[in-house]
Amino acid sequence: MALIGKAAVAMWWHIAPEQRVEFLDWHTSEHFPERLHIAGFRRGTRWASEDDETGFFVMYELSDREVLAGPAYLARLNAPTPWSVKMMPHHTGMIRSLCEVTASAGAGVGRYMLTLRLSPAAERTLQLRAHLEELVATLRTRRGVTGAHLLERADLGKVAQTQEQRIRGQDRTADWVFLVCGYDAASVRSLLAAELAPSVLALQGAASLEESSKDAHVAGLYGISATLSAAEA
């Protein structure tokens, strides 16, 4: 899986089991098509946690960073539908990051997505970026893997809180996001004890939890739930 754009919105949240059926209906039949009708939105994909029944990871692939704070996207964020108003409060533990794509390699869409949120240690940004860019290039050839990507939070200046955010409450954000997509869960997950282990990444410039104010080195494995392209919406 290679990303089809130069920017992305990466989001994690939890949905209580009693809300899951309606959430999946709303998110698939209304919310995905609504977002994919926004100019510059190219593909949206939802993954469900492999480790618990409440976690989700959603990513929208965008043409470029201008879409992230553009008027079309902001207009939708400030005018949620009645169904969205009903469902937004059920998104708990929301982490939402507006990102630029630093590196992306792969082909096709694998069943599993490993997500890793991390931050560079002080004065080691260039070192960590170079290391992760190299990983993106090498991991795509690993058995069980179909692609890897590095996202970095976009510097968009001060952006006013939107109506959707006011409904949900305060969102958190991730600094950098490293993604590995694959067809074999064990192969993808095994990277957390190898190339993506905290001790290994720390040697290459990743911040520890103590050094970062954000969620440094928080990983999760997700299975694909739904995907929609702009052409299909």
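Take the sequence shown: its position 193, counting from 1, is numbered 211 in the working numbering, and each next residue is one higher.
Beta carbons are placed, not taken as given, at the ideal position from N, Cα and C, and that holds for glycine.
If I follow the unbroken alpha helix (DSSP H) through residue i, where does it start and stop?
i: Met105; result: Pro100 to Met105
i: Ser247; result: Counting along the chain, Ser247 falls outside any alpha helix (DSSP H), though it belongs to the beta strand (DSSP E) covering Val236 to Ser247.
i: Ala166; result: No alpha helix (DSSP H) contains Ala166, which is instead part of the beta strand (DSSP E) from Val163 to Arg171.
i: Arg147; result: Thr143 to Leu157
i: Ala2; result: No statement about residue 2 is possible, as the shown extent of the chain runs from 19 to 251 and does not include it.
i: Arg160; result: Careful: Arg160 lies outside any alpha helix (DSSP H) and carries neither H nor E.
i: Arg53; result: Phe50 to Leu54
Leaving out five residues before and five after residue i in sequence, what residues of the same chain have Cβ atoms less than 6 Å from its Cβ?
i: Met29; result: Val76 and Arg114
i: Ser247; result: Arg61
i: Thr191; result: Ser115
i: Gly73; result: His32 and Ser67
i: Ala244; result: Thr46 and Arg64
Taking 8 Å as the limit between beta carbons, can you name the residues of its chain near residue i, skipping five residues before and five after?
i: Pro98; result: Met106, Gln181, Glu182 and Ile185
i: Glu250; result: Leu54
i: Arg161; result: Asp202 and Ser205
i: Phe41; result: Ile33, Met105 and His108
Give the straight-line distance between the Cα atoms of residue i and residue j, rounded to the nearest whole angstrom.
i: Leu254; j: Ala211; result: Beyond the ends of the chain as shown, which are 19 and 251, falls residue 254; an answer cannot be given.
i: Arg207; j: Ala172; result: 27 Å
i: Gly241; j: Leu134; result: 15 Å
i: Ala57; j: Pro138; result: 32 Å
i: His32; j: Ala203; result: 21 Å
i: Val163; j: Thr110; result: 30 Å
i: Ser47; j: Phe59; result: 17 Å
i: Asp70; j: His167; result: 24 Å
i: Tyr78; j: Ser217; result: 30 Å
i: Asp189; j: Met112; result: 5 Å
i: Thr19; j: Trp194; result: The sequence shown places Met at residue 19, rather than the Thr named in the question. Distance between the alpha carbons of Met19 and Trp194 is about 19 Å.
i: Ala121; j: Glu52; result: 27 Å
i: Leu219; j: Ala123; result: 20 Å
Buried or exposed: where does residue i fall if 16 or more other Cβ atoms within 10 Å of its Cβ makes it buried?
i: Gly175; result: exposed
i: Thr63; result: buried
i: Arg94; result: buried
i: Leu221; result: exposed
i: Leu150; result: buried
i: Glu118; result: buried
i: Met84; result: It is worth fixing the name first, because residue 84 is Glu in this sequence and not Met. So Glu84 counts as exposed.
i: Ala178; result: exposed
i: Glu170; result: buried
i: Val103; result: exposed
i: Leu21; result: buried
i: Gly128; result: buried
i: Gly187; result: exposed
Residue i lies in the beta strand (DSSP E); which residues open and close that run?
i: Ile33; result: Element bounds for Ile33: n/a, residue is neither H nor E.
i: Ala192; result: No beta strand (DSSP E) holds Ala192; DSSP gives it neither H nor E.
i: Thr63; result: Phe59 to Ser67
i: Tyr78; result: Gly73 to Leu80
Spell out the partners DSSP gives residue i in its beta bridges.
i: Ser115; result: Ala28
i: Gly124; result: Gly165
i: Pro138; result: Ala224
i: Tyr130; result: Gly200 and Gly241
i: Thr110; result: His32
Excluding the 5 residues flanking residue i on each side, which residues of the same chain have their C-beta closer than 7 Å to its C-beta?
i: Leu209; result: Leu132 and Val198
i: Leu153; result: Ala166 and Glu213
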